[in-house]
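Participant: First the structure, which I've put down as structure tokens, then a few questions once you've had a look.
There are 4 protein chains.
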Amino acid sequence: MDIATRHHGNRHGRSEAARVAVLEAADDLLVERGFAGVTIEGIAARAGVAKQTIYRWWTSKIAILFDAMLADAAEHFSPPDHGDLGSDLRDHLRQVATFLTATDAGAVCRALAGQAQHDPAVAAQFQSEFAAPQRERDREPFLRARRRGQLSQTEDIDLAIDQLVGPIYYRVLITGEGVPPEFTDALVDRYLAPIRDTLS
Amino acid sequence: MDIATRHHGNRHGRSEAARVAVLEAADDLLVERGFAGVTIEGIAARAGVAKQTIYRWWTSKIAILFDAMLADAAEHFSPPDHGDLGSDLRDHLRQVATFLTATDAGAVCRALAGQAQHDPAVAAQFQSEFAAPQRERDREPFLRARRRGQLSQTEDIDLAIDQLVGPIYYRVLITGEGVPPEFTDALVDRYLAPIRDTLS
Amino acid sequence: MDIATRHHGNRHGRSEAARVAVLEAADDLLVERGFAGVTIEGIAARAGVAKQTIYRWWTSKIAILFDAMLADAAEHFSPPDHGDLGSDLRDHLRQVATFLTATDAGAVCRALAGQAQHDPAVAAQFQSEFAAPQRERDREPFLRARRRGQLSQTEDIDLAIDQLVGPIYYRVLITGEGVPPEFTDALVDRYLAPIRDTLS
Amino acid sequence: MDIATRHHGNRHGRSEAARVAVLEAADDLLVERGFAGVTIEGIAARAGVAKQTIYRWWTSKIAILFDAMLADAAEHFSPPDHGDLGSDLRDHLRQVATFLTATDAGAVCRALAGQAQHDPAVAAQFQSEFAAPQRERDREPFLRARRRGQLSQTEDIDLAIDQLVGPIYYRVLITGEGVPPEFTDALVDRYLAPIRDTLS
DNA sequence: TTTTAAACGAGACGGTACGTCCTGTCTTGCT
DNA sequence: AGCAAGACAGGACGTACCGTCTCGTTTAAAA
Numbered sequence: 001m002d003i004a005t006r007h008h009g010n011r012h013g014r015s016e017a018a019r020v021a022v023l024e025a026a027d028d029l030l031v032e033r034g035f036a037g038v039t040i041e042g043i044a045a046r047a048g049v050a051k052q053t054i055y056r057w058w059t060s061k062i063a064i065l066f067d068a069m070l071a072d073a074a075e076h077f078s079p080p081d082h083g084d085l086g087s088d089l090r091d092h093l094r095q096v097a098t099f100l101t102a103t104d105a106g107a108v109c110r111a112l113a114g115q116a117q118h119d120p121a122v123a124a125q126f127q128s129e130f131a132a133p134q135r136e137r138d139r140e141p142f143l144r145a146r147r148r149g150q151l152s153q154t155e156d157i158d159l160a161i162d163q164l165v166g167p168i169y170y171r172v173l174i175t176g177e178g179v180p181p182e183f184t185d186a187l188v189d190r191y192l193a194p195i196r197d198t199l200s
Numbered sequence: 201m202d203i204a205t206r207h208h209g210n211r212h213g214r215s216e217a218a219r220v221a222v223l224e225a226a227d228d229l230l231v232e233r234g235f236a237g238v239t240i241e242g243i244a245a246r247a248g249v250a251k252q253t254i255y256r257w258w259t260s261k262i263a264i265l266f267d268a269m270l271a272d273a274a275e276h277f278s279p280p281d282h283g284d285l286g287s288d289l290r291d292h293l294r295q296v297a298t299f300l301t302a303t304d305a306g307a308v309c310r311a312l313a314g315q316a317q318h319d320p321a322v323a324a325q326f327q328s329e330f331a332a333p334q335r336e337r338d339r340e341p342f343l344r345a346r347r348r349g350q351l352s353q354t355e356d357i358d359l360a361i362d363q364l365v366g367p368i369y370y371r372v373l374i375t376g377e378g379v380p381p382e383f384t385d386a387l388v389d390r391y392l393a394p395i396r397d398t399l400s
Numbered sequence: 401m402d403i404a405t406r407h408h409g410n411r412h413g414r415s416e417a418a419r420v421a422v423l424e425a426a427d428d429l430l431v432e433r434g435f436a437g438v439t440i441e442g443i444a445a446r447a448g449v450a451k452q453t454i455y456r457w458w459t460s461k462i463a464i465l466f467d468a469m470l471a472d473a474a475e476h477f478s479p480p481d482h483g484d485l486g487s488d489l490r491d492h493l494r495q496v497a498t499f500l501t502a503t504d505a506g507a508v509c510r511a512l513a514g515q516a517q518h519d520p521a522v523a524a525q526f527q528s529e530f531a532a533p534q535r536e537r538d539r540e541p542f543l544r545a546r547r548r549g550q551l552s553q554t555e556d557i558d559l560a561i562d563q564l565v566g567p568i569y570y571r572v573l574i575t576g577e578g579v580p581p582e583f584t585d586a587l588v589d590r591y592l593a594p595i596r597d598t599l600s
Numbered sequence: 601m602d603i604a605t606r607h608h609g610n611r612h613g614r615s616e617a618a619r620v621a622v623l624e625a626a627d628d629l630l631v632e633r634g635f636a637g638v639t640i641e642g643i644a645a646r647a648g649v650a651k652q653t654i655y656r657w658w659t660s661k662i663a664i665l666f667d668a669m670l671a672d673a674a675e676h677f678s679p680p681d682h683g684d685l686g687s688d689l690r691d692h693l694r695q696v697a698t699f700l701t702a703t704d705a706g707a708v709c710r711a712l713a714g715q716a717q718h719d720p721a722v723a724a725q726f727q728s729e730f731a732a733p734q735r736e737r738d739r740e741p742f743l744r745a746r747r748r749g750q751l752s753q754t755e756d757i758d759l760a761i762d763q764l765v766g767p768i769y770y771r772v773l774i775t776g777e778g779v780p781p782e783f784t785d786a787l788v789d790r791y792l793a794p795i796r797d798t799l800s
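Protein chains in written order, with the working numbering: chain A, 1 to 200; chain B, 201 to 400; chain C, 401 to 600; chain D, 601 to 800.
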């Protein structure tokens, strides 16, 4: 048994078992009962943990959900590398769509994005802990293309990202229409059309 | 004095004064204290209205906020008509950005969009009462251009809208970066580039 | 159905049904589980009442217990009148002993006397709401005897009461020995011995 | 430095320093914040001791308070010997009154007497560890008088004690009036009046 | 001198109850 | 009939202590 999981109350700090149980309970409750069904008391009861233990390590249920999401979010994205910007973008946008619409972490992400609209502090945390790292992942295909000499040095990458992932989030958060591969592929096609000449 | 405002406890139907007071109280509370600060009890107290009166006419605080937003949203948008798709789109996207980032109704809209992430019923209402009518407004410039013969009959208007307004919502809801006219203008420029040939 | 019991939430004030249920629940819990077993949550659960309803009308579980005791305490004592100080005192002291050792209200009284040792505010309330009225009841036999001319005007009645009821409380609260009639009768005999001459 | 105070963690028995610190902390907290302010956590924090150390040596905060009181109670009482029952009783009753009303140990004693009303186990401990030894001390003057031939062999000493100290506890615990020497002296006078003939 | 085991401080743990806030329902008397 | 008022049952909040536990350190008797 791992040292971190062996202890349930000790001077070495927190119980890993409790931490994991809380994150899983929060995740389960969100999926099963929705955001309003995620309560500290409910998490504590389901995780078999005392409320005080939760309050000792997290400031709010939002903080728990961030913890529950972040690792998964990072794991979900595998940087594509097909040696071609178009292929890489198509691949990446599909990953983004899949993450948001078809994973538990994506469900948590949507809930947090929702809560960010209600609370500036959540918005700031969402920005720094999810949006910014995600933006780095979004940039990867472009930077790679640029390194290959396939993309102009003057191309505004951030604008391109807004154009490409913006519509995905829009459909997920606003219209609720679903984001099929045809949609993301079409986005890439439209984006690449005017700059196709600059590609080798 | 208007008939509707004359009665406060009567047999002549609901009190317009109470209705207005509730909507304003909800709006004020949202702006002053954020979404969590909007409670039925708080609205009732600020509006000088009994809780029961609120429950009689609205199903939840969400319903109140929808009421508070919808009229303003419709009023905000004035269909542009410069006889040119580019100009109309630039104008319209600026209106969208202004609505979302700089109006009270936009603040309510963001809050409701947030809540839609937590509650499918809210999402459905948001879709039908805000997103769908708004989509109609978004289509206007394209339909006008098509009627003018400036836009191909085969152009996928809904995809175009996703491409154009999606990035605006994305910046508002996810990155929180703000949406200056330069940004929306650039979106239009990029959109029009490949189809410029099809324009007269 | 009585007006007072008909309403459960209205502008006429509190629900008599809730009031009674709370007092009975508190009483039952004290008898069944002891003072530590009397909790606001426990009372609320057993009475089928919301905690907030309790906090609306009582400041603490102590206040509830006072309410539960006071009416019973007044009812318990029937002023004796045998036309004779000795008989009256014997009767009264037996009533005191019975109240303290053999009634539910007496159990509550002992608990409150206990809590008065822990909290000056409780002590003050105990003094004004129980001890003072009880002292009036204790004085009755002496005042009656004095009116009959059977007791000297100079007799120190309060000292006499301290002498007569003090030992009863002492056995109840400190030694826990029980207070049989033989004991209270002996107290009266010893008290009357030196002043027997003054009696007609 | 004493052996017992030299050790703080060892295999040779408990730390005297910790024991004393705990008792003093409990005493201080009782006096400063009242019975409810005496918590194991509070004692541990103030004594600079781990909670576990407290639980190792005491079963509850009640046990700590008993420890804190008992030595002082025994020390407080110096058996009077004036060769006269009246003088001895007057002296002793004043000591009882002083102990209960004017010493820290008396404050603890009152608190424990209070808690005894809530918990039969405390009552039993109070009876065996305080009331019974105290009763022995109360008997001393009578036994001495009897040995001197000044008190009848048939006199009911326990009844006499109930009559004499009962009113003192009554005033301390119930009426809160204070117990001046005039009061205890009057008790003795009234007690001795009818049996004065049997003396000397 | 080294080992070793009891007591120590610290503090995390699963819990219970606290007193507060808000929910949605209700019942009244007034207009 | 609609209204302001406000009491009601219910449930989650975040806090304070409870009593239990595990840890790493201190210590002095035993080896």
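A virtual CB, placed ideally from N, CA and C, is assigned to each residue, including glycine.
If you're wondering where the values come from, they're calculated on a predicted model, not measured in any experiment.
1) How long is the line joining the alpha carbons of residue 491/C and residue 480/C, rounded to whole angstroms?
2) Is there a Cβ of chain D sitting closer than 7 Å to that of residue 510/C, yes or no?
3) Which residue spans inside the segment 730-785 of chain D form an unbroken alpha helix (DSSP H) run of at least 4?
4) Roughly how many whole angstroms lie between the Cα atoms of residue 601/D and residue 721/D?
5) Could you tell me if residue 305/B is buried or exposed, where buried requires 16 or more neighbouring beta carbons within 10 angstroms of its beta carbon?
6) Got a sec: is the Cβ-Cβ distance from residue 123/A to anything in chain B below 7 Å?
7) Using 8 Å as the Cβ pair cut-off and three pairs as the minimum, do the segment 705-718 of chain D and the segment 776-789 of chain D touch?
8) If residue 544/C and residue 553/C are in contact, beta carbons under 8 Å, what's the gap, nearest whole angstrom?
9) From this set, 578/C, 443/C, 487/C and 489/C, which residue's C-alpha is nearest residue 462/C's C-alpha?
10) Output the boundary residues of the alpha helix (DSSP H) element that contains residue 695/D.
11) For residue 675/D and residue 474/C, what's the separation of their Cα atoms in angstroms?
12) Ordered along the chain, which non-local residues of its own chain (more than five positions away) have a Cβ less than 8 Å from that of residue 50/A?
13) Output, in sequence order along the chain, the residues in the segment 26-40 of chain A whose CB is closer than 8 Å to any CB in chain B.
14) Tell me whether the beta-carbon of residue 68/A lies closer than 7 Å to the beta-carbon of residue 23/A.
15) Mind pulling the beta strand (DSSP E) runs of 3 or more residues that sit fully within the segment 230-267 of chain B?
16) Using a Cβ-Cβ distance under 7 Å, would residue 161/A count as near chain B?
17) From 756/D, 641/D, 748/D and 672/D, pick the residue whose C-alpha is nearest to that of residue 688/D; which is it?
18) Which parts of the segment 706-730 of chain D are runs of the beta strand (DSSP E), unbroken and 3 residues or longer, counting only runs that do not cross its ends?
19) Starting from the C-beta of residue 666/D, find all residues in its chain whose C-beta is less than 7 Å away, skip the five residues before and the five after it, and write them out in chain order.
20) Under 7 Å Cβ-Cβ, which residues of chain A neighbour residue 317/B?
21) In this structure, how does DSSP classify residue 394/B when only helix, strand and coil are distinguished?
22) Could you tell me which chain D residues have their CB closer than 8 Å to the CB of residue 565/C, listed as they occur along the chain?
23) List the residues of chain C whose Cβ lies closer than 9 Å to the Cβ of residue 731/D, in chain order.
24) Specify the secondary structure class of residue 227/B as computed by DSSP and reduced to three states.
25) Just to confirm, are residue 727/D and residue 576/C a CB contact at a threshold of 7 Å?
26) Between which residues of its own chain and residue 191/A is the CB-CB distance below 8 Å, once the five residues before and five after are set aside?
27) Using the rule of at least 16 other Cβ atoms within 10 Å of the residue's Cβ for burial, across every protein chain shown, is residue 741/D buried or exposed?
28) My output table needs one value for residue 82/A: the three-state DSSP class, helix, strand or coil.
29) For residue 614/D and residue 629/D, which I take to be in contact (beta-carbon distance under 8 Å), what is that distance rounded to the nearest angstrom?
30) Express the C-alpha separation of residue 264/B and residue 226/B in angstroms, rounding to a whole number.
31) For residue 769/D versus residue 574/C, is the C-beta spacing smaller than 7 Å?
32) What does the alpha-carbon distance come out to for the pair residue 70/A and residue 59/A?
33) Determine the burial state of residue 20/A: buried for a count of at least 16 other Cβ atoms within 10 Å of its Cβ, exposed for fewer.
34) For residue 738/D, is the classification buried or exposed, using 16 other Cβ atoms within 10 angstroms of its Cβ as the cut-off for buried?
35) Whole angstroms is fine: what's the gap from residue 417/C's alpha carbon to residue 254/B's?
Facilitator: In short, the structure shows the following:
1) 7 Å
2) yes
3) 732-747 and 757-770
4) With a pLDDT of 39 at residue 601/D, under the threshold of 50, the modelled position of this residue cannot be trusted, and the question is left open.
5) buried
6) yes
7) no
8) 14 Å between Cβ atoms; not a contact.
9) 443/C
10) 685-702
11) 43 Å
12) 44
13) 34, 35 and 36
14) yes
15) none
16) no
17) 748/D
18) none
19) 712, 725 and 729
20) 110, 111, 113, 114 and 173
21) helix
22) 770
23) 574, 575 and 576
24) helix
25) yes
26) 89, 160, 163 and 164
27) buried
28) coil
29) No, residue 614/D and residue 629/D are not in contact; Cβ-Cβ is about 21 Å, not under 8 Å.
30) 7 Å
31) yes
32) 16 Å
33) exposed
34) buried
35) 28 Å
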